[in-house]
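J.:
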Amino acid sequence: TSGYKKNVKEILNNALFESSNNEMVLVRDIEFYSLCEHHLLPFFGRVHVAYIPDQKVVGLSKIPRLVEVYARRLQIQEQLTEQIAEALMENVGAKGVGVVIEARHMCVEMRGVQKANSTTTTSALRGLFLKNEKTREEFFSLINSPKQVRF
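Quick note on numbering: the working numbering labels position 68 of the sequence shown as 52, and the sequence is numbered without any gaps.
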């Protein structure tokens, strides 16, 4: 629950840099762990975050930090997805934001329905990601492409 003590504006606004870049920036496969606010059981997975800058870019390490701020709170996945997207739109001034979360929920796997290894996927699209079909297609293509480690 350390995420309640962090200030998103401070994290993001202290790391904004002037840039002429207007192409998509994607940080994918950000691992996270959170606690379901309904059952107090863990859920965990990966977050993919992309944005299109509008004269400013944010330090790349700040995107995983943003994910951590919201994940380290009592949470539901749908809200977590929305909060990350809104925070980037509001604080970075992006032309658009796309966030996808893929997660496993222990409240689904351990209690009630008990369906092991089921995955829940949520998305939040803002700005150009919502309005422009080509931008949306590029985003989903990039996050669904096979990850090739070359380093």
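In this text, a Cβ means the ideal position worked out from N, Cα and C, and glycines have one as well. No experiment lies behind these values; they were computed from the predicted model shown.
Taking the runs of the beta strand (DSSP E) that are 3 residues or longer, which of them lie wholly in the region 18 to 83?
T.: Runs found: 26 to 36 and 40 to 42.
J.: Below 8 angstroms, can you find three or more Cβ-Cβ pairs linking the region -3 to 7 to the region 52 to 59?
T.: Too few Cβ pairs lie closer than 8 angstroms, so no.
J.: Rounded to whole angstroms, what's the CA-CA distance from glycine -13 to glutamate 21? Just pull it up for me.
T.: Locating residue -13 in the sequence shown gives position 3, where the first residue counts as 1. Locating residue 21 in the sequence shown gives position 37, where the first residue counts as 1. Each residue's Cα considered, the two are about 14 angstroms apart.
J.: Between Ile36, Val83, Val9 and Lys131, which has its C-alpha nearest threonine 137's C-alpha?
T.: For the chain, the structure presents residues -15 to 135; residue 137 sits outside this window and is missing.
J.: By Cβ distance below 8 angstroms, which residues in the same chain neighbour threonine 103 in space, the five residues on each side in sequence not counted?
T.: Taking the first residue of the sequence shown as 1, we reach residue 103 at position 119. The answer, listed in chain order, is Gly29, Glu86, Ala87 and Arg88.
J.: By Cβ distance, which residues of its chain are closer than 7 angstroms to histidine 78, with the 5 residues on each side in sequence left out?
T.: For the purposes of this step, residue 78 is taken as residue 94 along the sequence shown, with counting starting at 1. The amino acid occupying residue 78 in the given sequence is alanine; histidine does not appear at that position. Here the set comprises Tyr35, Ile36, Pro37, Asp38, Leu72 and Gly111.
J.: Closest to asparagine 75 by C-alpha separation, out of Lys(-11), Thr(-15), Lys(-10) and Glu(-6), would be which residue?
T.: Here residue 75 corresponds to residue number 91 of the sequence shown, with the count starting at 1. Among Lys(-11), Thr(-15), Lys(-10) and Glu(-6), the Cα nearest to that of asparagine 75 belongs to Glu(-6).
J.: DSSP three-state label for glutamate 96, please.
T.: Position 112 of the sequence shown, counting from 1, holds the residue named residue 96. The displayed chain sequence assigns glycine, not glutamate, to residue 96. Looking at glycine 96 - three-state DSSP - the assignment turns out to be coil, as it is neither helix nor strand.
J.: How far does the alpha helix (DSSP H) with serine 107 in it extend, from its first residue to its last?
T.: What you label residue 107 is simply residue 123 of the sequence shown in a count that begins at 1. Per DSSP, serine 107 belongs to no alpha helix (DSSP H); it is in the beta strand (DSSP E), 104 to 111.
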